[in-house]
Every structure is written in C-alpha cells, then in structure tokens.
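Data first, discussion second: the structure below is written as structure tokens.
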Amino acid sequence: MTIWTRRQPRELSFVEYVEARHAHLWRLAFALTGTRERADDLLQVALEKLYVAWPRVRDLAHPDAYARQVLVRANVDESRRPWRRETVSATAPDTRVTPDPTGAVDTRNDLLSLLQELAPMQRRCVVLRHWLDLSVAETALALNISEGSVKTHTSRGVAHLRRMMAVTASS
C-alpha cells in the first residue's frame, strides 16, 4: 500500500468538509479580523492546523465546533505576532460596494466597521456570543477565559456598539 493510498481518504474527507463549510468559516474569520486580506490569512492558518488534526476531528460529532475553536485561537495567536501590529494609514483602501436598495448591506457594513472599533477581546466575545450564538460557557472555553470575563467583555462591547450606532444614526 502506497502512502498516497493511505492518505487519500483523509484528504478527500477534509476537502469535502472545507468545500461545504468554507463560506461559513470565512465569514467568521472576517468578523474576527475586519478585513478580507486578514480573514484570508487567518482562515488559511486555521485550515492548516485543522488539516493536521483532521484524523481525530473528522470522527467528532461536531467538527464545526473544533474548526471554530481553531479559528478563534489562531486569531489570538496571529494578533500577538509583532508584524500584525499595524499602524493606521492616512488613506483608506478603495472599497466600492454596490448600494443595496433595502439598506440591509449598509447596516451590515456599518455594524462590521463598528465591530472593528472594539477592543480585540470584546470583539471576539461579541462575535462568538451574538453572531455564532454560543453560550457564555462555550465562549469562555473557546477563548480560554473565565465566564465572568466573557460577560464583562460582551457587556462592554455591546454597550460601546450601541453608543456608536446611536452616534452614527444621529449623524
């Protein structure tokens, strides 16, 4: 039996999983990072780590939970790297978006941009609690912090978002 024959089922099941869940995982990465480029980088790092663990993960009842955990932890790891400490530029990138007549896209884009103004841990807690609808305990486990810290970060993050949305609405 060749190495390729032994690895083929593993690779096929991994490719099938990634093809089925790529969009969901990328949206989560985008919510955590705020830019397409960083979301792409984060997802690539997370998928590399997931591939290494795939023989154990594919037999789990919920491989999405494991993938989400890898993605969140990879985000924390990447934010600690010195080259990730970026400086703000005076010129914004060209991001042309076709207007949505219902205003839903504008609201979503506004919310995503406001989400990026939160402190990193507040952003992670808000995304996991309110976007992914995880419980306090699940969020605490995913971020490796206490449940009280999850409640504090989430509360402060949501309060900040509400204040900023009120300012944006009144403008």
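Counting in the working numbering, the final residue of the sequence shown is number 176, and the numbers go up one at a time with none missing. By construction, the Cβ of each residue, glycine as well, lies at the ideal position given by its N, Cα and C atoms. Quick caveat: nothing in here was measured; it's all calculated off a predicted structure.
Residue from the options with nearest C-alpha to residue i
i	options	result
Val-124	Gly-153, Ala-28 and Ala-164	The sequence given here has Ala at residue 124, not Val. When each option's Cα is compared against that of Ala-124, the closest is Ala-164.
Val-23	Ala-36, Leu-47, Thr-38 and Leu-52	Leu-52
Val-57	Arg-15, Trp-31 and Ser-84	Arg-15
Lys-156	Asn-149, Val-141, Arg-167 and Leu-166	Val-141
Val-20	Thr-173, Ala-174 and Pro-60	Pro-60
Thr-173	Asp-115, Asn-149 and Ile-150	Asp-115
Ser-3	Met-126, Ala-70, Leu-55 and Tyr-71	In the structure displayed, the chain extends from 6 to 176; residue 3 sits before or after that span and is not available.
Alpha-carbon to alpha-carbon, residue j and residue i
i	j	result
Thr-112	Arg-129	20 angstroms
Thr-38	Ser-18	28 angstroms
Glu-42	Gln-13	31 angstroms
Gly-153	Arg-161	12 angstroms
Leu-133	Ala-145	10 angstroms
Val-50	Ala-36	16 angstroms
Beta-carbon gap between residue i and residue j smaller than 8 angstroms
i	j	result
Ala-147	Gln-74	yes
Glu-122	Met-169	yes
Leu-33	Leu-76	yes
Leu-166	Leu-119	yes
Val-81	Tyr-71	no
Lys-54	Ala-28	no
Boundaries of the alpha helix (DSSP H) in which residue i is found, first to last residue
i	result
Thr-40	It is not in any alpha helix (DSSP H) - Thr-40 carries neither H nor E in the DSSP assignment.
Asp-82	68-84
Ser-140	Where Ser-140 is concerned, there is no enclosing alpha helix (DSSP H), given that its DSSP letter is neither H nor E.
Gln-127	125-131
Ser-160	152-175
### Task
Answer yes if the region 130-144 comes into contact with the region 51-67, meaning at least three C-beta pairs across the two stretches below 8 angstroms, and no otherwise.
Here the region 51-67 makes no contact with the region 130-144; the two share fewer than three CB pairs at distances below 8 angstroms.
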